[in-house]
Structures are given as structure tokens and as C-alpha cells.
Amino acid sequence: MISESNKVLDESRQGEAITLEQTGAGNGKKFYLESYGCQMNFSDSEIVASILAKEGYETTRNPEEANLVLLNTCSIRENAEQRVRNRLNHFNVIKKRNPKYMIGILGCMAERLKAKLLEEEKLVDIVVGPDAYRELPGLIEEVEDGRKAVNVLLSREETYAEINPIRLNSNGITAFISIMRGCDNMCSFCVVPFTRGRERSRDPESIVHEAKYLHDQGYKEVTLLGQNVDSYRWNISKKGEIIEPEKETVNFAQLLEKVALVAPDLRIRFSTSHPKDMTDDVLHTMAKYENICEYIHLPVQSGSTTMLKRMNRGYSREWYMDRIAAIRRIMPDCAISTDIITGFCGETEEEHQDTLSLMKDVAYEFAYMFKYSERPKTLAERKYQDDVPEEVKQRRLEEVIEIQNANGLMRNKASVGKTFEVLVEGVSKKSENELFGRNSQNAVVVFERGDVQPGTYVNVKVTDCTSATLKGELVA
Ligand code: SAH
Ligand code: SF4
Ligand code: F3S
């Protein structure tokens, strides 16, 4: 009925900010939702919207007219949390004028800080962790009755499998599907295992069902989400044993195949792959199906084996380079992106140089690059000194960025003259007369619109590029 918007500010993948649009029908109860952090949070917000819609809530883009404001938050780095605190202060100004106004915090910061923001800092009325969203309606009622409400219980089972997410900000073309939750990896710098709990996989049938449903609705691309998709397993124990012999077992390669078979014109992407777990099986499945995109996000974090050991990543530089070689062997045209952290505990100049040399060797299409930010409770916080001075972290980050900028430009230049199949996503921000979309390799391609519609596949010949985008023209 009403088209409204919410915001997603991507903190784990710096630089992206997405505005959400949604339609909904309600009975006067309105909520405003902002999401921060990774795609998992974005996807969770769609589950939250679905749970609230059942209670008669509709969304609004104006926080002043909402009676419930929700922030779905991220704890990955300190600045992510600071941003949320600033927003909470802002909403508390509105609350001063309107005491009935409810402010709720969801997601990773809620899980990490639990009742602290409510009891000590008095910044919120509701605190709900990532596994407790089903309880949200009851918690809202408690607040309406004059109490404060907290539920931060983590679960070993919750996957929200049967909840049909309300697509926020939908372009009607691309959508996320969560395939698992939590993380068991314990990388020493990372707060996620503490905020998201134990790793668990979602029923493959419900995943395929959701993909089919989206395709029926006209969607053309789904991205399967998990912190480590390669450890997706259904009816298989951690040790690799079958749990219930009469039931089907499904690993990630098999899940990919199932989703690829939903429809040939439904593109499949996924994130995040983990270098220690990514198998050749997955790569062969990708190569086998035209509609599985030739793009892998394979975070390396550091190019130094000694550093990777301190990070508890579970692989060496050599192992990582072997995985890169496997990708190139099985899918020569596959694009690869990564995440890098500079200035992690004890990082020597030599270890930093190893990161630079690895980046030169791999020549990533794209990279997300961060300065290390110490997080409470993590292995690194307990075991190591955050001893790299801020200016050294910063200088190293700039050196990493410089190499990536050169790599990105080189990769894009190599695409000039080639023709790609592009899924058209919408009108270019820069010009009404131009459309943009992505090729299989996830590169953004801009071209003159002709009589082409968003949501269709077109062939575009690349004629020019910047370090960020490809420019091209439609070909038959
Ligand atoms: N599950 C994904 C990453 C999730 S977090 C994986 O294993 O690759 C996204 C990225 O944030 C990480 O890859 C890492 O590069 C970065 N990151 C995580 N913790 C961080 C910290 N404490 N300081 C700086 N960057 C961090
Ligand atoms: Fe964090 Fe490592 Fe899990 Fe990724 S794999 S979420 S970096 S602990
Ligand atoms: Fe942030 Fe939580 Fe995602 S810490 S990166 S929102 S899993």
C-alpha cells in the first residue's frame, strides 16, 4: 500500500550504502528500520520485517512518524558500533518529545552488549539478539506495558527456515537467501562467533523452495549467504558422518547444484567462501552450470603464513595460493575478490610485505580492506597485544589500497573489447539515459539504455572503463 524506505549501511564491506524500499499494509502501527553490517544482517532485517508485518506493523521511511525504531547493528569494528551509538542518541532526542516512542536494538551489538545499553546507558527499550527475532512481538508488548525487554539467547537450531522474508528495498531482480547462521571458526580477530553463536545449516528444501518462489516472482538472481558457505552441511556431522541414514545428505557443492537447477535464467551467487574449506567439488559445480556466477569472494586477511597462524585462519599462504590456482585451472574466467586486515597484532614489516606481494600475485578484481580494530572477548584481545601504532596501520592500509586500485584498473582494462552477458539491474545513478547491471564476474557494467528493461539479460561489449566500472554498448 505505502512505499517506504529503510537504510542499510554496510560496515563489513566498507563504502556500500543501500536505501531500502518496501510496501506493506498495517493498522496504524509503524516501524522504522536501519540495518548496518554485512549482508546477513540485511537478510535478517527482511525476516524481522516479515515477523512484524504479521503483527500488523508497516514500515515508514520517516522515523518521526514511527512508534517503533529498530537498528539492526554490527560489532565487527569499533567504528561500526560508534555509528550506531550516534544514531541511538539521535533517536533519543525524538523520544524526549514523544515518551511512547520505542527504540530497539537488534543484531550483533545487541548480542554483544546485552542489557548494558538498556540498563546502564538507557539508550534503548528493547534488546534482541540475532536468534531471538521470533520473540520480538512479545517483547514489544512488554515495553508497551511499561517494562524493558531483552532477549539475547543464542540458539543451536534457529534458522528461520520457514519464515518468508519481506523483501526490503527490492529491485525485484536480485535477492539474498540465508543458507546458514553463526560461525564456528574462531578467527582470533573476529567477534562474529560471539555475536552470532554456533554454526548451523538451514534445511536445503526450504532454501530451494525460497529460490523457486523468488524466481516465480520474477527475480533473476539469488545470493546464498553464510559466514563460511563451504562448511554448509545438512544431515552430516562435523566429523563428516551421516546423522540420519534414511535421510538425504547435502554439502555446499550439492546445495549449489540444487539451486542452479531451479531455473536456467536464475543466476546464483554466494558469499563468503573460506580458503580452508573451499573444495574443488564446489569449483567443478560452478563450472558445470552456466547460471552459477564466475565470481568468488575468498578473504585472505594476510599474505603471511606466520600472521595467518596468529589470526587462527586455518591455512597458510601456500594453501591459499593452491586454492587460487585451482580456481584458475577449473574456471579461467572466474573473478576473485578478498578481504584484507592491516596492522593486526604483532604485524612486522616483513609480514606486511608478504600481503603486498600476495596481492600482486593474485591481482584481485576487488578487495575490501580494513585496519585492525580490537574487539572485546576475541582470542586476539585475550592473547595478543594490539601493538601496531595507528599511523602504521593507516600507512599499511594505504599501501594495500594502492596496489588494489592498480589491480582493479588492470583487470577492468583487460575486459575492454570483450562482450559479456549482463543482468540489467536499473538506471545508472549518473544518467537517466544509461542502465547498469553486472556480468557473471560481478563487475558493474554501464551502457546506453536503448529499449532494454531492468530484469532482462543483454549482451554488452565493453568499450571503456574506470577502476570501478566497465562502460559498454549493447550488441545483438
Ligand atoms: N566470514 C567472513 C568474514 C566476515 S567479517 C570470512 O571469514 O571471511 C568481514 C571482514 O571483516 C573479514 O573478512 C575481515 O577482513 C574484517 N574484520 C573482521 N574482524 C575485524 C576486526 N576486528 N578488525 C578489522 N577488520 C575485521
Ligand atoms: Fe569471523 Fe572467521 Fe567466522 Fe569469518 S570465518 S565470521 S572471520 S570467525
Ligand atoms: Fe557485523 Fe554481525 Fe555481520 S558483527 S559483519 S553484522 S555478522
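Once you know that position 355 of the sequence shown is 372 in this note's numbering, the rest is easy, because the numbers rise by one and skip nothing.
No residue lacks a Cβ here, since even glycine has one placed at the ideal position from N, Cα and C.
Being a predicted model, the structure only gives us computed values, none of them experimental.
Between the beta-carbon of Lys388 and that of Thr359 there is about 6 angstroms, and that keeps the pair under the 8 angstroms contact cut. Checking the 7 angstroms criterion, the Cβ of Pro210 is within range of a heavy atom belonging to ligand 2. Counting only residues of its own chain and dropping the five nearest sequence neighbours on each side, Glu216 has a CB closer than 6 angstroms to the CB of Gly199, Cys200, Asp201. Considered as a whole, the region 292 to 334 harbours 312 to 314 as its complete beta strand (DSSP E) runs of no fewer than 3 residues, in chain order. By the C-beta density criterion, Thr480 is exposed, having fewer than 16 other C-beta atoms within 10 angstroms. Assignment of Val225 by DSSP, reduced to helix, strand and coil, places it in the helix class. Here DSSP, grouped into helix, strand and coil, assigns Arg250 to strand. If you compare the alpha carbons of Ala192, Arg399, Thr365, Asn168 with that of Val405, the shortest gap goes to Thr365.
The beta carbon of Ser354 sits closer than 8 angstroms to the beta carbons of Tyr312, Ile313, His314, Leu315, Tyr381, Glu382, Phe383, Ala384, Tyr385, Asn459 from its chain, once the five residues preceding and following it are set aside; these are given in chain order. With a cutoff of 7 angstroms, Arg392 counts as near ligand 1, since its C-beta is closer than that to a heavy atom of the ligand. Not one heavy atom of ligand 2 lies closer than 7 angstroms to the C-beta of Cys125.
Where Cys482 is concerned, the enclosing beta strand (DSSP E) starts and stops at 474 to 482.
Burial of Ile64 is indicated by the presence of at least 16 other C-beta atoms within 10 angstroms of its C-beta. Under DSSP, no beta-bridge partner is assigned to Arg346. Under the three-state reduction of DSSP, Met197 is assigned to strand. For Arg455, the enclosing beta strand (DSSP E) covers residues 451 to 456. In the three-state DSSP reduction, Ile93 falls in the coil class, being neither helix nor strand. Short note on Arg102: C-beta not closer than 7 angstroms to any heavy atom of ligand 3. Across the set Arg151, Cys482, Asn476, Glu179, the C-alpha of Glu179 shows the shortest separation from the C-alpha of Tyr230. Each of Leu50, Met126, Ile93, Val145 was checked against the Cα of Ile183, and the nearest Cα belongs to Leu50. Excluding five sequence positions before and after Leu426, the CB atoms of its chain that fall closer than 7 angstroms to its own CB belong to Ser484, given in chain order. With a cutoff of 7 angstroms, Gln244 counts as near ligand 2, since its C-beta is closer than that to a heavy atom of the ligand.
Put simply, of Ser187, Ser432, Phe464, Lys430 the residue whose alpha carbon is nearest the alpha carbon of Val444 is Phe464. The straight-line gap separating the alpha-carbon atoms of Tyr53 and Glu438 is approximately 32 angstroms. The secondary-structure analysis by DSSP pairs Thr191 across a beta bridge with Glu238. Here Arg284 is bridged, per DSSP, to Glu238.
Look at Asn450: its beta carbon is at least 7 angstroms from all of the heavy atoms in ligand 2. Taking each of Val160, Glu95, Gln99 in turn and checking the Cα distance to Tyr118, the smallest one comes out for Val160. Placement of the Cβ of Cys200 at a distance of less than 7 angstroms from at least one heavy atom of ligand 2 is found. Here DSSP, grouped into helix, strand and coil, assigns Glu216 to coil. If you draw a 10 Å sphere on the C-beta of Ser457, you find 16 or more other C-beta atoms in it, and that means buried. Counting C-beta atoms within 10 angstroms of its own C-beta, Ser248 has 16 or more neighbours from the protein chains shown and is therefore classed as buried.
Per DSSP, Phe387 is one residue of the beta strand (DSSP E) stretching across 383 to 388.
In this structure, His314 has its beta carbon at no less than 7 angstroms from each heavy atom of ligand 2.
Under the three-state reduction of DSSP, Asn268 is assigned to strand.
In the DSSP assignment, Asp378 falls within the unbroken alpha helix (DSSP H) covering 366 to 379.
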